[in-house]
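Here the structure is laid out as structure tokens; the discussion comes afterwards.
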Amino acid sequence: MVTLAAVVGALTLLAVLNPLRQPDDADLGQRSESGARFVEAEADAGDRPEASATPSNVPSTPPADTLPGAADTLPGATRTDALPPVVDHGPRRGNKVALTFDADMTDAMRRHLRGGAVTSYANLKLIDRLERDGIPATFFLTGMWVEQYPKVTRRLAANPRFELANHTYGHHAFTADCYGLPRIDRRKMTADVARTFDLVSAYGGRQTRYFRFPGLCHDRAALTALAPLGLTVVDGDVVSGDPFATAWQPIVRAVLDQVRPGSVIVLHVTEANAPMTDEALPHILAGLAERGLEPALLSEVLGTGQAGAGSREPDRTDLPDA
Ligand SMILES: [Zn+2]
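Counting with UniProt numbering, you get residues 1 to 322 for the letters of the sequence shown.
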């Protein structure tokens, strides 16, 4: 797991700390035409029939007393008086695998959007393809990404094949040493993640209590802080390496070399910070099909009562099936 975390963390670090690096600038120049299409597509996103089915005036925060009662029956919900389970993958039987897409957003990324250095951190081509082919997928959303892309969030929530999960509010580090990510104060961890559940749950659709730490960095203190929220921590066992990729082939190779039944595949929907993911997707899907593997929702791959599969936390063995 050190290697997995190191890879994800290093890439996350690049994404957060180095948004103006040369490859980005070169990439923006090469893809300016497609960037313009993304802007148009984003404007269209809210007009799609599936998106219009959801309320347009989504509140930023639902009433606090509506969350706990509903939350404890959602996929990934766990008891609140023990450390949350940490899961890498589902049972190694059957043929299901989970495609998961992180939607990072940081203060620095938002500055680059507002300053015009970046066109979009929402990969609409990727979402288009998932929707066109009817592919199940699970999205780990940061609260800031949801605030930046409310129309896209409505579109994701309106698709019954898409599940929504939590990736913190502003993608801060939850441990002391998480590859240089700005660190969140321990006393603010619970509220940060609760706030993000509130933001995401306001959109309806397939809500979950799945959560992924930025850089996959967590320790006992971080898990303790999140225990009251009754969630499941999902790391993943297949890191695609899609952030800042300059070609789709290495992403496809990384996924297909590692994937097995029950795998949880970590990808990104962040467009400018993961510009090859949409091009890699059809090749990943083809490779999965060749191997007899089938994309499924994360909740299906982990399975009800199967949160223990792939767990690395001894504390969770006393947890009931949930
Ligand atoms: Zn992330």
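The beta carbon of each residue, even a glycine, is placed where N, CA and C say it ideally should be. Quick caveat, the model's predicted, so the values are computed rather than measured.
DSSP places residue 156 inside the alpha helix (DSSP H), whose first and last residues are 150-158. Your pair residue 142 and residue 168 checks out as a contact, with CB atoms roughly 6 Å apart and the cut at 8 Å. Runs of the beta strand (DSSP E) lying entirely within the region 161-236, each at least 3 residues long, are 162-166, 206-211 and 232-234 in chain order.
Annotation for residue 122: no alpha helix (DSSP H) segment contains it, and DSSP assigns it neither H nor E. Between residue 138 and residue 165, the C-beta gap is smaller than 8 Å, which places the two residues in contact.
Excluding residues up to 5 positions away in sequence, 181, 182, 183, 184 and 214 lie with their Cβ nearer than 7 Å to the Cβ of residue 172 in the same chain. Taken atom to atom, the span from the alpha-carbon of residue 233 to that of residue 118 is near 31 Å. Non-local beta-carbon contacts of residue 220 in its own chain, meaning distances under 8 Å to residues more than five positions away in sequence, involve 83 in chain order. Following the DSSP letters along the chain, one finds residue 296 inside the beta strand (DSSP E) bounded by residues 294-296.
Looking from the CA of residue 87, the closest CA among 277, 209 and 147 belongs to 209. With fewer than 16 neighbouring CB atoms inside 10 Å of its own CB, residue 177 falls in the exposed class. By a beta-carbon distance limit of 8 Å, residue 229 does not contact residue 270. Their separation comes to about 25 Å. DSSP places residue 268 in no alpha helix (DSSP H) but in the uninterrupted beta strand (DSSP E) bounded by 264-268.
For residue 102, the uninterrupted beta strand (DSSP E) run begins and ends at 96-103, by DSSP. The C-beta separation of residue 264 from residue 98 comes to about 5 Å, placing the pair in contact by the 8 Å criterion. The closest heavy atom of ligand 1 lies 7 Å or more from the beta carbon of residue 88. Here residue 137 carries a strand assignment [DSSP, helix/strand/coil]. The continuous alpha helix (DSSP H) containing residue 277 extends over residues 277-290. In the three-state scheme derived from DSSP, where H, G and I count as helix and E and B as strand, residue 255 is classed as helix. Distance between residue 153 and residue 133, taken at the CA atoms: about 19 Å. Rounded to the nearest whole angstrom, the CA to CA distance from residue 217 to residue 227 is 16 Å.
Taking the Cβ atoms as the reference, residue 135 lies roughly 17 Å from residue 261, outside the contact range of under 8 Å. Contact between residue 126 and residue 242 does not hold, since the beta-carbon distance rounds to 10 Å and is not under 8 Å. For residue 146, DSSP assigns no beta-bridge partner whatsoever. Between residue 280 and residue 259 a beta carbon distance of about 13 Å is seen, past the 8 Å cut, so the two are scored as non-contacting. Within a 10 Å sphere around the beta-carbon of residue 96 sit 16 or more other beta-carbons, which makes this residue buried.
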